[in-house]
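>
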Amino acid sequence: MRVITTKSELRSSLQPSRIARKTIGFVPTMGYLHEGHISLVKQAKLECDIVVMSIFVNPLQFGPNEDLDRYPRDFERDCELAKEAGVDYLFHPDVQEMYPNQSLTYVRVGQITEKLCGASRPGHFDGVATVVTKLFQIVQPDRAYFGLKDAQQVAVIEQMVLDLDIPVIIVPCEIVRESDGLALSSRNVFLTSEQHQQALILSKSLRMAKDKLASHLFESTDQVSQFVIQQIQTQSLAEIDYVDTLQYPSLQNPNSLTDDLLIAVAVRFGSTRLIDNVLVRHNNKEC
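For the sequence shown, counting from 1, position 7 maps to 7 in the UniProt record's numbering; every step adds exactly one.
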């Protein structure tokens, strides 16, 4: 595995692979890798000749009162995990390399960024869309891999790629969970044992809602959301940011319960904000 810190070196390093018409898979991350990230690498290796991973904690997607400085970092550990997983190129730029001048250009995706995390974290998805566009321009991958734990982010990036004619295939990958059901996240490290135990209500309530949908026990999406809220409120440490049930991937209000639905939650346990979701398609396949 080769670690690269500059845009110019990464471009020149990948050029021979492009000339040889090798397929390039890309896994963008903010580091502090866990098995969820590694699952994206594994999928990329199945489908591509070369795998590039980026580790960059993007300041544009953090609000003024959010945890940019607190975001966990361990680059030495990340290098070992990426190497073991089979990453070919690890791109690790600093902020000055990615944003050498004051940015005057930003990428904004409308409508689907106005709900869920977009509503509670203004400007977050502008930062995501901008940095992912920059990374796509630098890496120029054939395929890019994103976890569905942040299903809204996947929808935003798919829409951005469609609207801007970016020649990359977006590959959504299913949520990876701990053995107890908690969705893997770099932020899980901040949870106390009690907070971790109470946070299991997220995946549990989503599974219960999915099962009740399959059994036709809800009459509206409001009932779905209210059911999940009631379940989460049984845990004393849970502070709900949002719970919503929306059509996927448009993230608009559904026409009926037979639409493809995303039931999504964001909940704080202490200072740690966790997100989770279940995607319910017509065949009730869970991602």
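Ideal Cβ positions, reconstructed from N, Cα and C, are used throughout, including at glycine.
Of all the options L40, L261, S256, L251, which has the alpha carbon lying nearest to the alpha carbon of C117?
Of L40, L261, S256, L251, the residue nearest in Cα terms is L251.
> Just the C-alpha distance for E239 and V278, rounded to the nearest angstrom, thanks.
When rounded, the distance between both Cα atoms is 19 Å.
> What are the residues that DSSP puts in a beta bridge with P28?
Its beta-bridge partners are S54.
> Hey, how far is the Cα of L200 from the Cα of G181?
So the alpha carbons of these two residues sit roughly 6 Å apart.
> Is the beta carbon of residue 344 less than 7 Å from the beta carbon of V280?
The shown model of the chain, from 1 to 287, leaves out residue 344, and the question about it has no answer.
> Would you check if the region 118-134 and the region 255-264 touch, i.e. whether three or more CB-CB distances between them fall below 8 Å?
Result no; under three Cβ-Cβ pairs closer than 8 Å.
> Would you kindly report the start and end of the unbroken beta strand (DSSP E) that includes F91?
89-91 is the span of the beta strand (DSSP E), which, as asked, contains F91.
> Below 8 Å on the Cβ atoms is my contact criterion, and I expect V189 with P59 to pass it. Report the Cβ-Cβ distance as a whole number of Å.
Wrong, their Cβ atoms sit about 20 Å apart, outside the cutoff.
> I need the DSSP call for residue 288, collapsed to helix, strand or coil.
Residue 288 lies beyond the range of the chain shown here (1 to 287); nothing can be said about it.
> From what residue to what residue does the alpha helix (DSSP H) around E239 run?
Premise fails: E239 lies in the beta strand (DSSP E), 238-247, not in any alpha helix (DSSP H).
> What are the partner residues of F146, as DSSP defines its beta bridges?
According to DSSP, F146 bridges with P172.
> Provide the residue(s) that pair with I263 in DSSP beta bridges, ordered along the chain.
Looking at the DSSP assignment, I263 forms a beta bridge with T245, V278.
> State yes or no: is the C-beta of G31 within less than 7 Å of the C-beta of I55?
Going by C-beta atoms, G31 is nearer than 7 Å to I55.
> Please classify F218: does DSSP put it in a helix, a strand, or coil?
In the structure shown, F218 sits in coil (DSSP, three-state: anything other than H, G, I, E or B).
> When the Cα atoms are used, what is the spatial distance from N284 to R177?
Legend: pLDDT at N284 = 43, less than 50; position of this residue unreliable, value from coordinates given subsequently. Spanning the two alpha carbons is a distance of roughly 19 Å.
> Can you tell me whether Y106 is buried or exposed? The criterion is at least 16 other CB atoms within 10 Å of its CB, across all chains shown.
Answer is exposed; the Cβ neighbour count stays below 16.
> Please state whether DSSP places T234 in a helix, a strand or coil.
In this structure, T234 counts as coil in the three-state DSSP scheme.
> Taking the alpha-carbon positions, what's the P141 to F26 distance?
C-alpha separation (whole angstroms): 6 Å.
> Taking the straight line between their C-alpha atoms, what separation do you get for Q159 and A129?
Their Cα atoms are separated by approximately 10 Å.
> Which class does I4 belong to by DSSP, given the choice of helix, strand or coil?
If DSSP states are grouped into helix, strand and coil, I4 belongs with the strands.
> Only counting the same chain, and skipping five residues up and downstream in sequence, which positions put a Cβ closer than 7 Å to that of S220?
Nothing listed; no residue qualifies.
> Below 8 Å on the Cβ atoms is my guess for L10 versus I138; work out the distance and round it to an integer in Å.
That belief holds up - the Cβ atoms of L10 and I138 are roughly 6 Å apart, short of 8 Å.
> Buried or exposed for V96, going by 16 or more other Cβ atoms inside 10 Å?
First, the residue type needs correcting, since residue 96 is Gln and not Val in the sequence shown. Exposed.
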